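Under my numbering, the residues of the sequence shown are numbered 448 to 1115, in order. Beneath this line is the structure, given in structure tokens, with notes to follow.
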Amino acid sequence: MAVISLCGRVAVMLSVLVLGAAATDVWAVGMKGEWVVSSPGSNVTFTVGWADPAAAAQGSKLLYRVEIGSAQARRVVILDSPLGLRLSGMDLASKLLLENDRGIKPIHDSYTMLYGKRSQCDGRANQLSLLFRNPQGDRLELEARAYADGVAFRYRVYGRSGLASSNYVLEAESTGFQLDAAAKLWCAPSDKATMYAPAYETFYEDGMAVGTPSPLGLGWSFPMLFHNAERSAWGLITEANLGTNFCGMRLSSTAVGNTYAISLPSPGEGNGSGRVNPAAPLPWEMPWRVIIAGPTLATIVESTLVTDVSAPAVVSDTSWIHPGRVAWSWWSDNPSPKRAAAQRKFIDLAAEMGWEYVLVDANWTIMEQGNIHEVLEYAKSKNVGVLLWYNSGGPHNLVAEKPRDCFTYPAVRGFELDLLKQWGVKGVKVDFFQSDKQEVIGLYLGILEDAAARHIMVNFHGCTLPRGWERTYPHLMSMEAVRGAECYIFDPSYPEKAPVQNTILPFTRNAVGPMDYTPVTFSNNQHPHRTTAAHELALSVLFTSGWLHLADKVEAYRELPTLPKEFLKGVPVTWDETRFVDGYPGKVAVIARRKGKDWYVAGVNGQKQASEVRINPASWAGSANQCVLIGDGSDASGFATEARALKAGEILTARMLPLGGFAWILRQ
């Protein structure tokens, strides 16, 4: 049960009796005052205290820490780390005094997700709210929640009495994250601003040491995965519920005293347009800072904390929102969106495979053979929905691909979306944002608002990280923000790095939201695969996305052996439950997902030597009595397949080739 520390309460009482002063000004005189909120079950605690207890009566800085485990076996996940903000003309990071302890209240939020880790989510937490003020009377509220799978905290700024309501500018956020000096980290460096970046598409570092400088000097992108020296505590740091009144943040390039600070976007992002520092009127509510924490990787993989703290859905009627599988021609044939005949081939593939959609990518407005209306009519005749690509356009990018400049301005955007609704288009893929500045965050959310009004689904590419928007806007089907399979076309280093990255992404990028990796490419493109065919097949389950873009050419899917082809015909994109099975980032990743009574189990090996995983499904698929087992064949291009009865209590063994994988179905 959540408690506020007794020593803090006693300190207030003694101060009032001895000094005769207001309790709000003399918290913890001569003692260490703390506020503690624990999760239901008390396995996670969030503690707030003074950086300098002896100076608390005159005002002090605030620190917090995060711990997991029972009271008898606490393990620190985040060591004492700073809190606070600095706004224009307003210091809310030092000389703070307590004005009001609003106590602790329970939070219970049950909701449904149309896709993701599970369909039914149940967010239960205890929430602590504290109001502080500086000597000028400016007020900062800290709201902290402790869940069974981690913590989240955010700030609200109210300002002093009589303060003008004009916009205030955030100069810096003092929030930090102090890690165990011997911790290992998995995170991706923030990218330089270019014509196509930043877009969260750098490679994740694999088990680096705390304090390793960012190679590009621009910080580290969320999320950051880490474990302590003993691997007895895992954590993942990110942010959630980002609104139009803020920008997307990142972590500092270096860790001073093993503490990573929060940093603002780079000035060059978005072609240099827009302001770096966010601004808003008061009261100003900031995004949640989220730390998923637990004793094993299961907590990271299975957590829904990012959506738990995000705003509820603004769409009440979701009957028009349909996740699904998508046939996509661009990966195997870049100019194909300009040819109606090429699109008809992929529409035929989608119809044969039972996939719901086809995506017509860049430059469909300048088709050289046929036109988009012919494609739409043909897709309608085959009962296949059409998704269309758009350049997000505007001053934030210089990318020429068409159509562009249709989504920047609300009036133009509304006209375009009305047209798409009239045409029967089901969704849009909007690309090339290249910025986390406040103006571009507003563009994302403006697109989502206007698309919802027309019943148009949305996918973002060349974009920022998911921050819980898929709960608030359930028609947001996916986001890229990953160095995905398209890099087999552009990056000669990608085939060597992809197998390791594929074992890191389920525990990092995909752990915080949908990921449009465009997987399951059996063919070779410009730079040949190192992964096996079974590894590629496994990615259809290992990675989650509301739209699963199957990126290979038509022939690659038509020529599959029977069981792999049937697997792709039936693979779900919506899941009722997700379980971590086995793995370690950079080496192996194995995850099980349930759809109805069927369990899909997928694993990949990122190592250059063979790997074997023994799996006992009894604890999560105990009623299954049939199995379809698809794994590596005798070489990288082949499959070993088997469909048979599953014995009660049977231990299954997945044997993976170097850079191999497997994909199973366990059924009743």
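Using N, Cα and C, we set each Cβ at its ideal position, and we do this for glycine too. Remember, it's a predicted structure, so these values are computed and weren't measured experimentally.
Selected residue, minimal CA-CA separation from residue i, among the options
i	options	result
residue 792	1095, 1003 and 1007	1003
residue 976	933, 953 and 1018	933
residue 708	530, 796 and 732	530
residue 887	772, 722 and 1108	722
residue 840	822, 881, 821 and 820	881
residue 1022	1032, 987 and 1011	987
residue 1013	737, 720, 1090 and 1069	1090
residue 551	567, 502 and 492	492
residue 914	781, 608 and 758	758
residue 580	607, 1019 and 481	607
residue 1077	993, 1112, 1046 and 1056	1112
residue 742	693, 865 and 516	516
residue 1018	822, 1000, 1036 and 989	989
residue 615	731, 596, 587 and 509	731
residue 619	784, 1092, 1103 and 698	698
residue 658	940, 628 and 577	628
residue 596	488, 1030, 963 and 778	488
residue 674	797, 543 and 524	524
residue 666	644, 635, 683 and 718	635
Assumed close pair residue i, residue j - CB separation to whole angstroms, cut-off 8 Å
i	j	result
residue 646	residue 909	5 Å
residue 668	residue 637	5 Å
residue 968	residue 935	7 Å
residue 554	residue 571	7 Å
residue 651	residue 486	About 29 Å separates the two Cβ atoms, so there is no contact after all.
residue 694	residue 885	5 Å
residue 998	residue 775	5 Å
residue 1034	residue 1115	Contact flag wrong, Cβ pair sits at about 32 Å.
residue 578	residue 547	4 Å
residue 653	residue 633	6 Å
residue 539	residue 587	4 Å
Contact check, residue i vs residue j, beta carbons under 9 Å
i	j	result
residue 912	residue 956	yes
residue 1062	residue 1049	no
residue 592	residue 753	no
residue 601	residue 735	yes
residue 751	residue 565	yes
residue 772	residue 815	no
residue 685	residue 663	no
residue 711	residue 1032	no
residue 854	residue 985	no
residue 994	residue 834	yes
residue 959	residue 740	no
residue 819	residue 788	no
residue 919	residue 692	no
residue 857	residue 837	no
residue 903	residue 868	yes
residue 1079	residue 982	yes
residue 725	residue 892	no
residue 842	residue 809	no
residue 526	residue 626	yes
residue 852	residue 846	no
Coil, strand or helix - residue i by DSSP
i	result
residue 1105	coil
residue 918	helix
residue 1111	strand
residue 927	coil
residue 840	coil
residue 819	helix
residue 698	strand
residue 487	coil
residue 458	Because residue 458 sits at a pLDDT of 35, beneath the cut-off of 50, its placement in the model cannot be relied upon, and the point is left open.
residue 943	helix
residue 876	strand
residue 897	helix
residue 529	strand
residue 474	With a pLDDT of 32 at residue 474, under the threshold of 50, the modelled position of that residue is not reliable, and the figure given next carries that caveat. DSSP places residue 474 in coil when its eight states are reduced to three.
residue 513	strand
residue 1100	strand
residue 625	strand
residue 853	coil
residue 499	coil
residue 507	strand
residue 968	coil
Notebook entry, point to check: Mind pulling the alpha helix (DSSP H) runs of 4 or more residues that sit fully within the segment 728 to 811?
Noted result: 744 to 749, 752 to 755 and 787 to 800
Checklist line | Within the segment 629 to 692, ranges of the beta strand (DSSP E) (whole runs, at least 3 residues) | finding: Residue ranges of uninterrupted beta strand (DSSP E) with 3 or more members, entirely inside the segment 629 to 692 and ordered along the chain, are 631 to 636, 667 to 674 and 681 to 687.
Notebook entry, point to check: Which ranges does the beta strand (DSSP E) cover as unbroken runs of at least 3 residues, wholly within the segment 545 to 618, from first to last along the chain?
Noted result: 567 to 580, 586 to 594 and 597 to 604
Checklist line | Segments assigned alpha helix (DSSP H), at least 4 residues, entirely inside the segment 975 to 1061 | finding: 980 to 989, 1001 to 1005 and 1009 to 1017
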